[in-house]
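*Asks:* Provided herewith is a single structure, encoded as structure tokens, for subsequent inquiry.
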Amino acid sequence: MGRAPCCSKDAGLNRGAWTAEEDLLLSEYITIHGDGGWRSLPQKAGLKRCGKSCRLRWLNYLRPDIKRGSISPDEEKLIIRLHKLLGN
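All residue numbers for the sequence shown refer to full-length UniProt numbering, where the first residue is 1 and numbers rise by one.
What follows is the structure in structure tokens.
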């Protein structure tokens, strides 16, 4: 009835902080093969992580198009203008 949990504690998966080596393996695999197929990706990429962990790491930290840092003055003006127009 339903799928087994992807991150069961007895599966021998790494838990906790990601290492630079794991980040590199994940980034290189996705660069070559593309993202998606998250349930099978860890095994194919040589990672001891669950697919959910790989997906979240990629989407929230490793994607090249993630914008980091402070917002620009133009973005701040746009936010203020839209807030005046639309409210919360």
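Every residue gets a Cβ at the ideal spot worked out from N, C-alpha and C, and that includes glycine.
Thinking C-alpha only, which one of 54, 66, 84 and 12 is nearest residue 39?
*Replies:* 54
*Asks:* Please identify the residue among 50, 41, 80 and 35 whose C-alpha is closest to the C-alpha of residue 59.
*Replies:* 35
*Asks:* What residue range does the alpha helix (DSSP H) around residue 73 cover?
*Replies:* 73-86
*Asks:* Helix, strand or coil for residue 90, going by three-state DSSP, please let me know.
*Replies:* There is simply no residue 90 to check, as the chain begins at 1 and stops at 88 in what is shown.
*Asks:* Under DSSP, the alpha helix (DSSP H) around residue 52 begins and ends at which residues?
*Replies:* 51-57
*Asks:* Report, in whole angstroms, the separation of the C-beta atoms of residue 18 and residue 63, which I expect to be a contact under 8 Å.
*Replies:* Contact flag wrong, Cβ pair sits at about 14 Å.
*Asks:* Using only alpha-carbon positions, find the residue among 20, 70 and 45 that is nearest to residue 30.
*Replies:* 45
*Asks:* So residue 47 and residue 25 are in contact, right, with Cβ under 8 Å, and what is the actual spacing, rounded?
*Replies:* Indeed, because the Cβ distance is near 6 Å, the residues count as touching under 8 Å.
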